[in-house]
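Take a look at the structure below.
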Amino acid sequence: MTRSSKDNKFQVITGQRVFVFRTESEAQRDTWCSTLQSCLKEQRLLGHPRPPQPPRPLRTGMLELRGHKAKVFAALSPGQLALYKSEQAFSLGIGICFIELQGCSVRETKSRSFDLLTPHRCFSFTAESGGARQSWAAALQEAVTETLSDYEVAEKIWSNRANRHCADCGSSRPDWAAVNLGVVICKQCAGQHRALGSGISKVQSLKLDTSVWSNEIVQLFIVLGNDRANRFWAGTLPPGEGLHPDATPGLRGEFISRKYRLGLFRKPHPQYPDHSQLLQALCAAVAGPNLLKNMTQLLCVEAFEGEEPWSPPALDGSCPGLVTPDPSPGVYNEVVVPATYSGFLYCGPVTNKAGPSPPRRGRDAPPRLWCVLGAALEMFASENSPEPLSLIQPQDIVCLGVSPPPTDPGDLDRFPFSFELILTGGRIQHFGTDGADSLEAWTSAVGKWFSPLSCHQLLGPGLLRLGRLWLRSPSHTAPAPGVWLSGFGLLRGDHLFLCSAPGPGPPAPEDMVHLRRLQEISVVSAADTPDKKEYLVLVETGRTLYLQGEGRLDFTAWNTAIGGAAGGGGTGLQEQQMSRGDIPIIVDACISFVTQHGLRLEGVYRKGGARARSLKLLAEFRRDARSVKLRPGEHFVEDVTDTLKRFFRELDDPVTSARLLPRWREAAELPQKNQRLQKYKDVIGCLPRVNRRTLATLIGHLYRVQKCAALNQMCTRNLALLFAPSVFQTDGRGEHEVRVLQELIDGYISVFDIDSDQVAQIDLEVSLITTWKDVQLSQAGDLIMEVYIEQQLPDNCVTLKVSPTLTAEELTNQVLEMRGTAAGMDLWVTFEIREHGELERPLHPKEKVLEQALQWCQLPEPCSASLLLKKVPLAQAGCLFTGIRRESPRVGLLRCREEPPRLLGSRFQERFFLLRDRCLLLLKEKKSSKPEREWPLEGAKVFLGIRKKLKPPTPWGFTLILEKMHLYLSCTDEDEMWDWTTSILKAQHDDQQPVVLRRRSSSDLARQKFGTMPLLPIRGDDSGATLLSANQTLPMKSSQGSVEEQEELEEPVYEEPVYEEVGAFPELTQDTSTSFSTTREWTVKPENPLTSQKSLDQPFLSKSSTLGQEERLPEPPPGPLSKSSPQARGSLEEQLLQELSSLILRKGETTAGLGSPSQPSSPQSPSPTGLPTQTPGFPTQPPCTSSPPSSHPLT
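Mapping the sequence shown onto the UniProt record's numbering, position 315 (from 1) lands on 315, and the numbers just tick up by one.
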């Protein structure tokens, strides 16, 4: 009953005692009384229902509670811990506090104390003894685990009565199972099964994670049952030797090992006599499709005597209690055991800025805290501290990164072994460890703690970063195009592993990216993306992958880590950044540069460059080969060839493999050449893939070089002498290696199985490249080119010389002058034609024609490009010839498409474009102040027309070719197309002077020069004769190094060997010594003693210690020889000189700057350097052949 009293009090009278309550006001007291009285009246009307019987407590006892004076009586029930004032209060149901155990954790602290951590507060208890504390902690932990249990799967499996007892010890209500073994087991036996390893027993809980139990797996255990499973696993077990429920862990582990690991209690299997093969088959059956059928066939192949072999009933749903199996393959995941680890860590403060690892000493040194990894990462002041200073939940971690060791001398005081945790909200915290082993242990434990199971097997040494990532790729299936997939990224070494993980978005498929084989790594800024978040673009062979982080902080960390892992730095061939064909980028780039600009260079790979420049170039390649761009105006061929040879020479293991060197020598000693070539093929087949592809590329390049021996004087023998020490790393002491390399070059087509189409392609490439000379390296530079007028017909073709300085306007005037075309109202413009006329690019009048034409070598079909003169109306192209600039920027609506598709997609879309400040801007709207994307026009090329296969919406469009992409823009009419094209051309050349429309006189054509030297007619004054450039007979311009390098090169050294890498070969010693003695007697009087030395070629010989300079063989000077010795007077070089002189000066006319060969040669003064010098204007030696001469020095 309830009654009111004085002082705002009211009483509740029960059968055992009277409870007195007081309220703050009289009104509240009346409200309480009326409410309670109404409840009592309702009970009287409905009767007195019997209250439900409370569940029996799992454990009870007295405990000390911190903050409470007296002890409390604790009663542990499933899912709840109740605290009472006394045991009598417990019997009366009068409690102090009821603690829900869901989401709680238990921690043992001092000798008799333990803590119960709830989401709201921490309860600290003290038991009566240490044993009581362990019992309470174990009971609480089991009760907490029970709150996470779901009995749906367990009840289904227990529907088979045989599954209600453990298959090993017979305990009741087992709630664990070994899926691949087909048995249901108890918790104690499950621990022993887990000790066997996942390769023998895959343990799964029936209650903790029901999501991984598919219908097919549940039906397997219902159909099979422990009784039939034990017929298979314990068919020969003697009675009375099984386990008991109270068996010790030692006996339990021994029995389970004998039963499953060794298979001692089962009968022989008819299909798998070996027990290990049976276990592998069971594991494969669980992970594969048709799980129920395969498992029953494996486990139900035997029968007792007098019984028929058992087979599962028809699975059509007719049997009661069975469900039709899910047609989709079963998904299986092993139970994830919470990672537990503890130890001391140096914990830095939580900051919002990324930075280096914390210092080890000083005022800013982080404290050394005791860290425990369990349900959360908790940090304590010491091992005995009851309260954590801070904690981190697993869902708060975005990314784990291993900090690189400090390399800056100013950062050597920082922790060399540390890692960082990037948390949600843009926070980061650093942790320092005591050593490499501690770092690896902590990163593995933390990685397993917050990452999905698919990442666990990838954790280990070499881990750099692990965390959440968003990815998108055209090759991945997604619900809709452009949808980002959620996953986890794991960076280990130079591999990026992408793992599926549950998240807010669709899961990403598992994938792997080899970072050193990427073609491009770039970052798309936030301004260029629709969601205003930057992302990383990884371009691999055949696909493109886009990565995005959770926030800016972790994205920056991922970008830095991936860029560092994708870079070079090592000296092993496998450690290099690779191109598309698994060839190091440094090899591919150097070979491409030499092929384009050095095949005509006399003495290529023999003439050395500057050592400082080659060392710098090699260091740049090793740092990041993708960022190095070899350009003719910035790099010399000699420096690039030195870099290539030095790269092969400094590899840890030669490209031909040191372990295979005996086999190479054995092959070189075979008598028959066919046998040797076949043996070479066998040895090459034993090389790793990267070595094999790299060697094939190098030999193919040297094959092209020797094909141009008539121009570069480099025969196969010379190339083999130069490259054998680098390819085999024999330090010039291997005669067999030179022979091997020489025969590999000569037999390149047969050894590497080159088909006829590839041979024809090689011949075409060599022909095209050797026809055109490089402007920057060859100072001659003039090129004979064909220019068509109006139509690409043979009758409309004009042939003329094009110099490096010739502009498009000057070319137009020359062609019109040669054809006698009268000036009219229309403008004549030079067009660059590509793809057989599909694309036409109007050249700006101030553009260099030869510079554009030389780029045709890089096209897939160089023959599809040409030059064409066309008449253009003054209204369309007249603005190109004036200096007037636009007052307002060009803006308009165009239909656009891009390749590769990124933002605009692969279809034509209407977008607004703005041309401003030499940049093309993409606008969301016409009046938008901030562009969505921006493309600089420097180096871009604009072509009229769009490829037909792209199906442009209108016939009036233009193509904008940028460095890494193509833009296809479609206009509404022809005038708009010309307006945009001319605006882009003027934006690119608006800093140049306006064009002066004039015609060149016919006398200008007669004064043309190749480079800086006048043309020499071969047949006297015949104007129609073929012209020969005097500069073609000069050696390549020597690269200018530092002053110290020039002084070092000027020192004559004669006692060193001819080639730096090659040692003294028996067949060469006599020849080289003879040539040296003959060379020293040749002297030439210079025209100007002060300046002649600068125009001379590099010295023929230099010290072996000068790695940047390759020693050169002496060449006979083409100038008049002194008659100081009889040998010089009758030498072969003098006869060759006279023959060539008579050929050039056939009519006996004296050419300015050259002495007449008919005049007697007077005694000449020696060269200032003591070395033979060369007078400009005379030809060099004839090219050498593949076979080495027997009595003359190598050239």
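The C-beta atom is built at its ideal place from N, Cα and C for all residues, glycine as well.
Original post:
With residue 705 and residue 604 assumed to form a contact (beta carbons below 8 angstroms), what rounded beta-carbon distance in angstroms separates them?
Top reply: 7 angstroms
Original post:
Per DSSP, which one or two residues make a beta bridge with residue 941?
Top reply: For residue 941, the beta-bridge partners assigned by DSSP are 961.
Original post:
Taking buried to mean at least 16 other C-beta atoms within 10 Å of its own C-beta, is residue 767 buried or exposed?
Top reply: exposed
**OP:** Pull up the CB-CB distance for residue 392 and residue 439, whole angstroms please, since I reckon it's below 8 angstroms.
**Re:** Between residue 439 and residue 392 the Cβ distance is about 18 angstroms, and since that is not below 8 angstroms, they are no contact.
Original post:
Based on the DSSP secondary-structure assignment, which residues constitute the bridge partners of residue 514?
Top reply: 495
Original post:
In angstroms, rounded to a whole number, what distance separates the CA positions of residue 760 and residue 398?
Top reply: 56 angstroms
Subject >> First and last residue of the uninterrupted beta strand (DSSP E) at residue 896 >> reply: 890–899
Original post:
In its own chain, which residues sit with a C-beta less than 7 angstroms from the C-beta of residue 1087, not counting the 5 before and 5 after it?
Top reply: Low per-residue confidence applies at residue 1087: pLDDT is 41, beneath 50, and the placement is therefore not dependable, though the value from the model is reported in the following sentence. Around residue 1087: no qualifying Cβ.
Subject >> Rounded separation between residue 1111 and residue 840 - CA only >> reply: The predicted position of residue 1111 is uncertain, since its pLDDT is 38 and thus under 50; no value can be drawn from it.
Original post:
Three or more C-beta pairs closer than 8 angstroms, one from the stretch 54–68 and one from the stretch 134–151: is that the case here?
Top reply: yes
**OP:** Starting from residue 750, follow the alpha helix (DSSP H) in both directions and report where the run begins and ends.
**Re:** 748–751
Original post:
What three-state label does DSSP hand residue 147 in the structure shown?
Top reply: helix
**OP:** Verify whether the separation of the beta carbon atoms of residue 125 and residue 64 is less than 8 angstroms.
**Re:** yes
Original post:
Taking one C-beta from the stretch 853–863 and one from the stretch 808–821 each time, how about it: are there three or more such pairs within less than 8 angstroms?
Top reply: no
Original post:
Would residue 891 pass as a contact of residue 926 if the rule is Cβ separation under 8 angstroms?
Top reply: yes
Subject >> Anticipated Cβ contact below 8 angstroms, residue 832 with residue 877, distance rounded >> reply: That belief does not hold up - the Cβ atoms of residue 832 and residue 877 are roughly 15 angstroms apart, past 8 angstroms.
Original post:
According to the neighbour-count rule (16 or more other Cβ atoms, all chains shown, within 10 Å of its Cβ), is residue 1033 buried or exposed?
Top reply: For residue 1033, the pLDDT reaches just 29, beneath the cut-off of 50, and the residue's location in the model is therefore unreliable, leaving the point undetermined.
**OP:** Whole angstroms is fine: what's the gap from residue 692's alpha carbon to residue 685's?
**Re:** Each residue's CA atom was taken as its position, placing residue 692 and residue 685 some 7 angstroms apart.
Original post:
Which residues bound the alpha helix (DSSP H) around residue 11?
Top reply: Counting along the chain, residue 11 falls outside any alpha helix (DSSP H), though it belongs to the beta strand (DSSP E) covering 9–13.
Original post:
Based on Cα-Cα distance, which residue from 748, 674 and 650 lies nearest to residue 725?
Top reply: Residue 650 holds the alpha-carbon nearest to the alpha-carbon of residue 725 among 748, 674 and 650.
**OP:** Sort 547, 514, 571 and 160 by Cα distance to residue 522 and report the nearest one.
**Re:** Looking at the Cα atoms, 547 is the closest of the given residues.
Original post:
What alpha helix (DSSP H) runs, 4 residues minimum, are completely inside the stretch 704–733?
Top reply: 709–712 and 716–728
Original post:
Can you tell which of 400, 526 and 487 has the C-alpha that lies nearest to the C-alpha of residue 511?
Top reply: 487
Original post:
So, is residue 107 buried or exposed, given that buried needs 16 or more other C-beta atoms within 10 angstroms?
Top reply: buried
**OP:** To the nearest angstrom, report how far apart residue 1197 and residue 700 are at their CA atoms.
**Re:** Shown here, the chain extends from 1 to 1195; a query on residue 1197 therefore has no answer.
Subject >> Beta carbon of residue 974 nearer than 8 angstroms to that of residue 956 >> reply: yes
Subject >> Beta-carbon spacing of residue 16, residue 117 below 8 angstroms >> reply: no
Original post:
If you compare alpha carbons, which of 94, 457, 79 and 83 is closest to residue 14?
Top reply: 94
Original post:
In whole angstroms, what is the alpha-carbon distance linking residue 646 and residue 388?
Top reply: 58 angstroms
Original post:
Can the beta-carbon of residue 894 be found closer than 8 angstroms to that of residue 970?
Top reply: yes
Subject >> C-alpha gap between residue 350 and residue 372, whole angstroms >> reply: 18 angstroms
Original post:
Under 8 angstroms between the Cβ atoms of residue 354 and residue 553?
Top reply: yes
**OP:** Please go through the same chain and pick out, in chain order, the residues whose beta-carbon is closer than 7 angstroms to the beta-carbon of residue 186, but skip the five residues on each side of it.
**Re:** Closer than 7 angstroms at the Cβ level, and outside the excluded window around residue 186, lie 166, 169, 171, 174 and 176.
**OP:** Could you check if residue 826 is buried or exposed, using at least 16 other CB atoms within 10 Å of its CB as the buried criterion?
**Re:** Under this definition residue 826 is an exposed residue.
Subject >> Whole-angstrom distance between residue 361 and residue 459, CA atom to CA atom >> reply: 31 angstroms
**OP:** Can you have a look at residue 151 and say buried or exposed, based on whether 16 or more other CB atoms are within 10 angstroms of its CB?
**Re:** exposed
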